[in-house]
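Here's the structure, in structure tokens; my notes come after.
2 protein chains.
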Amino acid sequence: MSLSAVLSRIDDQLPAALDRLTGLLRIPSISTDPAYAGDCEAAADWLVSDLQSLGVKAEKRATPGRPMVVGHIDGPADGSGPHLLFYGHYDVQPVDPLALWHTDPFAPELQDTPHGKVIRARGASDDKGQLMTFVEACRAYKDVTGALPCRITFFFEGEEESGSPSLIPFMRENAAELSADLALICDTSMVAPGVPSIASQLRGMLKDEFTITGPRIDLHSGHYGGPALNPLREISRIIASFHDDTGRVAVEGFYEGVHEVPADLLRQWESCGFDEHEYLSSVGMTRAHGEAGYSALVQQWARPTLEINGLWGGYQGAGTKTVIPSEAHCKLTCRLVGDMDPDSLRQKVRKHVEDRLSPDAKITWNQDLDGSPAAVMNISRPEFEAARQALSDEWAREAVFTGMGGSIPIAGFFKEVLGLDAMLIGFAQEDDAIHSPNEKYNVQSFHKGIRSWARVLDALAK
Amino acid sequence: MSLSAVLSRIDDQLPAALDRLTGLLRIPSISTDPAYAGDCEAAADWLVSDLQSLGVKAEKRATPGRPMVVGHIDGPADGSGPHLLFYGHYDVQPVDPLALWHTDPFAPELQDTPHGKVIRARGASDDKGQLMTFVEACRAYKDVTGALPCRITFFFEGEEESGSPSLIPFMRENAAELSADLALICDTSMVAPGVPSIASQLRGMLKDEFTITGPRIDLHSGHYGGPALNPLREISRIIASFHDDTGRVAVEGFYEGVHEVPADLLRQWESCGFDEHEYLSSVGMTRAHGEAGYSALVQQWARPTLEINGLWGGYQGAGTKTVIPSEAHCKLTCRLVGDMDPDSLRQKVRKHVEDRLSPDAKITWNQDLDGSPAAVMNISRPEFEAARQALSDEWAREAVFTGMGGSIPIAGFFKEVLGLDAMLIGFAQEDDAIHSPNEKYNVQSFHKGIRSWARVLDALAK
């Protein structure tokens with residue numbers, strides 16, 4: 001009963017909700033540029049005030065960088081329902097190149113486009129618009145029922161776009177206050193337009209870098225070409241050995257902890273609306289080049305990789321220099337899935353390289369690069385299926401547990417620091433131009449996003 | 001009879017000869033820097049005057065760059081003996097880094113060192129000192145006998161250290177004037193201290209460069225890692241395919257035109273005093289890494305190579321960037337021997353690469369890079385054996401027909417433009433620091449160099 005009243009209230013109040021979002025978007029809360037530190041304070045103040053207006057005990061909390069906003073509100077008087085922690089970030093990316101914007105990035109505009117109405121401004125999608133979908137769902141609930149269906153802690157940071165330096169220390173210092181039953185994060189995209197998505201697995205990362213030294217000094221290829229060990233040949237041979245002919249990584253033990261995608265999840269993915277042709281052709285590819293036997297989507301979401309991100313040595317200028325260089329350099333990253341362990345994987349990769357070095361070749365490894373495991377959400381928890389059903393109801397389309405090829409570090413931090421599982425639900429579209437000029441958020445994403453959260457809260461309360 | 005008188009004269013006049021060399025070394029005739037254009041003119045004038053003082057009809061000849069010096073002098077009145085063309089260059093390398101010089105590079109000093117007396121200055125070895133060994137031999141001959149034993153054309157250029165842009169056009173325009181029976185060049189080293197050397201084979205060169213393009217744009221390895229074709233992996237795989245496990249080049253047809261070293265020449269090389277251990281260990285190597293079954297010297301002088309001189313793509317800065325770059329680049333050079341043809345070799349190398357490209361990989365080749373065949377001297381001409389015997393007499397040690405791993409383009413140009421075989425005899429030492437700070441020429445090299453040329457002229461006249 002009350003849910004349908006809440007949804008009606010959301011529909012009625014959409015113009016007011018857009019007005020509130022517009023107010024937040026007007027604040028140029030760019031975190032990476034100290035010139036905007038005052039604007040970050042203003043955005044935090046705005047959120048404190050907005051949360052207080054719906055009865056949340058909210059405060060701005062100082063950090064060595066930009067402030068956090070923390071707010072608490074109780075759920076039903078009988079104490080039923082889970083305690084949820086909702087995370088978002090109020091800081092935004094810089095706007096340069098400003099010349100490519102068609103409007104002032106901090107003068108939000110509602111615009112009609114061929115794909116529907118949008119609100120255009122820096123942060124409209126990432127993450128102010130997404131963050132406000134949840135706040136507005138709470139407001140509607142409060143307006144209609146006088147209370148929220150669950151106890152909720154709000155947790156907004158202002159440094160997400162500048163590496164979140166204060167986040168982990170703040171979480172550690174305030175772990176008791178931030179404890180909850182489940183974290184909700186609204187900072188992700190839908191896998192395809194109209195397809196509600198819960199990101200349930202994110203790949204981890206291992207970073208490494210090595211230098212191979214051959215001759216003690218750069219040599220002249222007339223004098224030493226032939227007898228000299230050429231480190232560029234050496235590094236090429238080693239890089240070539242990382243993969244077999246089927247695209248599988250040939251490092252011994254690389255696939256330990258990798259699991260095949262369960263059949264039911266794979267079926268969801270196969271019908272999730274992901275456009276493989278568009279995905280590949282938009283960057284000039286006619287096929288997926290990863291491990292044979294896996295679709296592009298599975299390669300991206302559920303298979304580990306070993307990629308070369310940088311490779312260099314010798315002469316790079318115009319014309320020819322007949323040098324045999326002393327050194328060759330390689331930067332690599334692995335994307336991790338399942339239970340792959342970054343530390344043991346690092347040892348395996350290094351052993352693979354060192355086992356293949358020629359006599360007289362020396363190797364040094366960068367000792368300053370880290371790694372993090374994959375984040376695999378605990379979708380066997382009943383809240384995940386409940387949320388999936390709620391999203392399916394709102395969008396009249398089966399919601400999908402998706403993967404993500406990249407990382408969202410916050411999900412791992414919640415687990416590591418607070419012991420909290422996280423559920424990532426977002427309504428952004430691939431074409432939102434986050435981090436780029438002319439960022440926008442679809443009004444449909446905003447509207448149905450608010451409705452989605454109302455349904456999810458209702459479902460989780462039960 | 002007259003030869004021993006000439007040699008005595010050379011011994012007596014060594015101080016005066018060193019004085020004359022000092023005069024030439026004082027002129028900072030750096031060809032690559034326009035600020036020294038006037039000094040190049042002065043060096044050319046100095047040489048014209050010096051040649052005229054021994055009866056040569058010598059002139060400075062303008063070019064679009066630095067001037068040439070051309071001089072002619074007849075041999076014996078009866079017209080006997082061959083007509084020789086002697087080549088050298090009066091320009092020198094820049095002197096930077098000047099701070100590393102212990103003396104003024106253009107204030108020549110005679111110094112005692114643990115390895116004997118040296119004259120220290122820019123150009124002392126390369127090539128003013130070497131050039132003057134021949135001129136001084138002619139002077140001694142003229143002084144003692146009143147004539148030269150052969151007809152001689154002197155040909156000095158002033159752009160050798162800046163790529164000789166005027167050389168081929170000048171040779172073409174003055175081909176009749178520069179015609180002779182044999183060219184003599186004094187711009188090379190002795191294979192080991194005290195071992196007289198005639199460089200009889202120089203490796204040629206093929207230059208090439210390619211770019212492999214994978215994705216249309218740089219990609220994020222979270223979003224595309226796995227499905228994307230990574231051009232750094234692609235280029236590494238292709239470079240790794242250039243050689244087999246024995247160090248042999250695996251490009252089909254690569255060895256066409258390559259000949260094994262004749263047994264008698266190989267015997268000379270084996271006893272030529274080349275110190276393989278020093279050659280390798282001085283640059284940090286414990287073994288020769290070229291084709292299995294060949295010594296380091298044979299690998300350097302008589303075997304072709306395919307070397308990677310530059311390789312790059314992706315991120316080279318500090319830390320990590322999770323990029324899959326759009327492009328990867330490779331610069332390569334081949335050293336050619338025997339009858340290898342640069343043009344057909346280029347096609348073979350390119351075919352090797354293109355045959356191995358993955359679908360979706362595109363390749364572009366630099367179209368501006370050239371090639372030149374190996375220069376193999378015609379040592380079956382009797383002049384070569386005569387000169388070898390003359391050098392052996394002077395140094396009391398069997399002279400050696402050596403190879404060179406690099407190129408001396410002028411030798412090829414004489415053949416190509418003038419149809420002239422060239423004989424390369426030089427007295428420089430590996431430690432002369434040519435092109436480096438504190439360049440020197442051993443006074444023994446200068447003194448015995450002059451005596452060597454006197455003997456060679458005597459031998460060739462017969």
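Residue numbers (UniProt numbering), protein chains in the order written: chain A, 1 to 462; chain B, 1 to 462. Where a beta carbon is used, it is the ideal one built from N, C-alpha and C, also for glycine. As the structure is a computational prediction, the values presented were derived from the model and not from experiment.
Drop a sphere of 10 angstroms on the beta-carbon of residue i, count the other beta-carbons inside from all chains shown, and report buried for 16 or more, exposed for fewer.
i	result
GLN367 of chain B	exposed
THR402 of chain B	buried
LEU100 of chain B	exposed
HIS447 of chain A	buried
ASN309 of chain A	buried
PRO382 of chain A	exposed
ALA77 of chain B	exposed
PRO304 of chain A	buried
Within the same chain, show all residues whose beta-carbon is closer than 6 Å to that of residue i, passing over the 5 residues directly before and after it, in chain order.
i	result
GLU307 of chain B	THR333
ALA399 of chain A	PRO196, ARG388, LEU391 and SER392
THR246 of chain B	ALA292
SER200 of chain B	MET377, ILE379 and PHE401
LYS321 of chain A	TYR315
LEU420 of chain A	ALA183 and PHE414
ALA43 of chain A	ILE27, SER29 and TYR90
Taking residue i and residue j to be in contact with their CB atoms under 8 Å, please state how far apart those CB atoms are, rounded to whole angstroms.
i	j	result
PHE155 of chain B	VAL70 of chain B	6 Å
ASP432 of chain B	GLU439 of chain B	6 Å
TRP395 of chain B	GLY194 of chain B	6 Å
LEU178 of chain B	LEU98 of chain B	The pair is not a contact, with the Cβ atoms about 37 Å apart (cut-off 8 Å).
ILE434 of chain A	ASP11 of chain A	Not confirmed; about 27 Å, so no contact.
ASP218 of chain B	SER326 of chain B	5 Å
MET423 of chain B	LEU202 of chain B	Between LEU202 of chain B and MET423 of chain B the Cβ distance is about 12 Å, and since that is not below 8 Å, they are no contact.
LYS60 of chain A	PRO67 of chain A	5 Å
LEU54 of chain B	LYS142 of chain B	5 Å
LEU460 of chain B	GLY81 of chain B	7 Å
THR32 of chain B	PRO108 of chain B	No, THR32 of chain B and PRO108 of chain B are not in contact; Cβ-Cβ is about 21 Å, not under 8 Å.
ARG122 of chain B	PRO105 of chain B	4 Å
PRO215 of chain B	VAL283 of chain A	4 Å
Would DSSP call residue i helix, strand or coil?
i	result
THR320 of chain B	coil
GLN201 of chain B	strand
TYR315 of chain A	coil
THR402 of chain A	strand
PHE274 of chain A	coil
GLU307 of chain B	strand
ARG356 of chain B	coil
LYS57 of chain B	strand
LEU24 of chain A	helix
THR133 of chain A	helix
SER452 of chain A	helix
residue 549 of chain A	No information on residue 549 of chain A is available, as it lies outside the stretch 1 to 462 that chain A covers here.
PHE446 of chain A	helix
ILE239 of chain A	helix
MET171 of chain B	helix
ARG267 of chain B	helix
ILE425 of chain A	strand
ASP33 of chain A	coil
THR188 of chain B	coil
Excluding sequence positions up to five away, which residues of its chain have a Cβ less than 7 Å from the Cβ of residue i?
i	result
ALA175 of chain A	VAL417 and LEU418
ALA250 of chain B	SER241, PHE242, HIS243 and ASP244
SER412 of chain A	A quick correction: the sequence has Gly, not Ser, at residue 412 of chain A. So the list reads SER372 and ALA375, once near-sequence residues are dropped.
PRO165 of chain B	GLY65 and GLU159
GLU7 of chain A	The amino acid occupying residue 7 of chain A in the given sequence is Leu; Glu does not appear at that position. Counting only Cβ-Cβ distances below 7 Å, and skipping sequence neighbours, we find ARG451 and ALA454.
Once you ignore the five residues that flank residue i on each side, which residues in its own chain have a CB closer than 8 Å to its CB?
i	result
ARG346 of chain A	LEU206, ASP208 and GLY371
ASP275 of chain A	ALA192
ALA288 of chain B	GLU276, LEU280, TYR294, SER295, ALA296 and GLN299
PRO252 of chain A	Looking at the sequence shown, residue 252 of chain A is not Pro but Glu. These residues qualify, in order along the chain: LYS348, LYS351 and HIS352.
ARG237 of chain B	ARG356
When the Cβ atoms of the stretch 220-233 of chain B are set against those of the stretch 335-342 of chain B, are three or more pairs found closer than 8 Å? no
Count the CB pairs spanning the stretch 117-126 of chain B and the stretch 440-460 of chain B that are closer than 8 Å, and state whether there are at least three. yes
Would the stretch 22-35 of chain B and the stretch 89-98 of chain B be scored as touching if the rule is three or more Cβ pairs under 8 Å? yes
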